[in-house]
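Quick note on my numbering: the sequence shown kicks off at 314 and runs consecutively.
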Amino acid sequence: LLAEVRNPGLLEALVLVDITPDMDESGVARIQGFMGENLDEGFASLEEAADAIARYLPHRKRPANLDGLGKNLRLDADGRYRWHWDPRFLDPETGINAHAVALMTECYEAIPRLHLPILLVRGMQSELVNEDSAKSFVERAPDATYVDIRDAGHMVAGDRNDVFSEEVTRFLKDQLLGD
């Protein structure tokens, strides 16, 4: 979003997945809490990681095949599995929260200046983006629409990849190919 505001014309279209500048702070804290729980010690196995995810996302069926989960974790030299993203992301001094208020304010103020097709995909069970936030975003962004994905939380593609892919593909075809 900010890349387009700071460099108009950079993007042809934009798809935002369950994120707006006015996210629910308690939802953000819950997600970051989960992400940080096993940050240092990691997981002894893919099964242990799957169990942790199942406790965090009880609405999602725990997969029998954990190959997909293996792509989201890295096996470190100590034999423990850790998330594949950089843990500095959660560092209070330098991570995402260090400048969150300023970034979200800049994003919010920039919304009316976005002149490109935007699709906001929201999980109906999202702990981050409620329906009012989605509607507010669409009202402020000149060329935005949004879709709600049933039976999906913040991890829309993980919860309902079939519907997510359909909606994004339809949007991109309509916007970029004129179909």
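By construction, the Cβ of each residue, glycine as well, lies at the ideal position given by its N, Cα and C atoms.
In chain order, what residues of the same chain lie with their CB nearer than 7 Å to the CB of residue 375, ignoring the 5 residues before and after it? 363, 367
With DSSP as the reference, please indicate the residues paired to residue 487 in a beta bridge. Beta-bridge annotation (DSSP): residue 487 is not paired with any residue.
Residue 314: buried (16+ other C-beta within 10 angstroms of its C-beta) or exposed? buried
From the DSSP output, in three-state form, read off residue 461 for me. strand
So, residue 365 versus residue 378, is the Cβ gap smaller than 9 Å? No, the Cβ-Cβ distance between residue 365 and residue 378 is not below 9 Å.
Throw me the rounded Cβ distance for the residue 401 and residue 355 pair, which I believe falls under 8 Å. Actually they do not touch by this definition, with Cβ atoms about 16 Å apart.
Nearest-angstrom Cα separation, counted from residue 358 out to residue 337: C-alpha separation (whole angstroms): 32 Å.
From what residue to what residue does the beta strand (DSSP E) around residue 431 run? 431 to 436
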